[in-house]
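Residues -16 to 175 in this note's numbering are what the sequence shown lists, from first letter to last. Even for Gly, the Cβ is constructed at its ideal location relative to N, Cα and C. Single-structure report; data block below.
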Amino acid sequence: MNLANSITIARMLLVPVFLVLLFSELPELWGDLAAAAVFILAAATDKLDGYVARRTKQITTLGQFLDPLADKLLIAAALIALVAQDRVAAWVATVIIVREVAVSVLRIIGVSQGVSIPADRYGKLKTVLQIVYIVYVLFPTADIAEFINVSTDVAVAIQWVLAVAVVVVTLYSGVRYFINARGIIRMPGTSG
-16 MNLANSITIA RMLLVPVFLV LLFSELPELW GDLAAAAVFI LAAATDKLDG YVARRTKQIT
44 TLGQFLDPLA DKLLIAAALI ALVAQDRVAA WVATVIIVRE VAVSVLRIIG VSQGVSIPAD
104 RYGKLKTVLQ IVYIVYVLFP TADIAEFINV STDVAVAIQW VLAVAVVVVT LYSGVRYFIN
164 ARGIIRMPGT SG
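If you want it as structure tokens, here you go:
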């Protein structure tokens, strides 16, 4: 296994560490800080593994499979945990996770037909917004309000604006995947 794939697997192994810290009995802010630090580290490895793979010319089929899987695992685990803690609305998590599953199925169909459907700039923007939203939500609203020097109501409004932005960009990028794939892959059950 090459270095890039090892970094991707490390990202996957950070998911349970993140969850343990998030649900830990540490004082609230310390648990949130530790969980956020692990989440940010895991998210940062997404850029690192891609850079290493390209730089060392070690792009592999395994890496192309594991990288998006690790991303989706990290995001989905964080969202489900935050829904369980009543920090994220279930509908926000559902939209994001359903989109991720739908695009993953589309990519698997493409791979089975020898077609790669790479992420475009909206897919990358979606990932960045999801990470920013999750990190924002990891901290108690009162602490965020104090940190950015706004009222708690403004901090809550910012969270909702981020949630809506994440949902809109997530849906838009998902629709783009299907539109872009329309002419290059054949969906099961269709002729041609």
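- Assigned with DSSP and collapsed to three states, Gly97 falls in coil, not helix or strand.
- The distance from the Cβ of Leu121 to that of Ala26 is about 12 Å, inconsistent with a contact at the 8 Å cut-off.
- Between Ala53 and Asn132, the alpha-carbon positions lie close to 35 Å from each other.
- In this structure, DSSP gives Pro123 a state outside helix and strand, which the three-state scheme calls coil.
- Nearest in C-alpha terms to Val66, of all of Leu5, Glu129, Ser156, is Leu5.
- Of the candidates Leu24, Ile(-8), Ala164, the residue whose Cα lies closest to the Cα of Val86 is Ala164.
- Out of Ala125, Gln113, Leu12, the CA that lies nearest to the CA of Val144 is found in Gln113.
- Here Val147 is exposed. Its C-beta has fewer than 16 other C-beta atoms within 10 Å.
- The region 57 to 74 and the region 32 to 43 do not touch, with fewer than three beta-carbon pairs separated by less than 8 Å.
- Per the Cβ contact rule, the region 88 to 106 is not in contact with the region 70 to 80 (fewer than 3 Cβ pairs under 8 Å).
- Following the DSSP letters along the chain, one finds Asn163 inside the alpha helix (DSSP H) bounded by residues 135 to 165.
- Secondary structure of Lys40 (DSSP, three-state): coil.
- Unbroken beta strand (DSSP E) runs of no fewer than 3 residues, entirely contained in the region 0 to 57, are not found.
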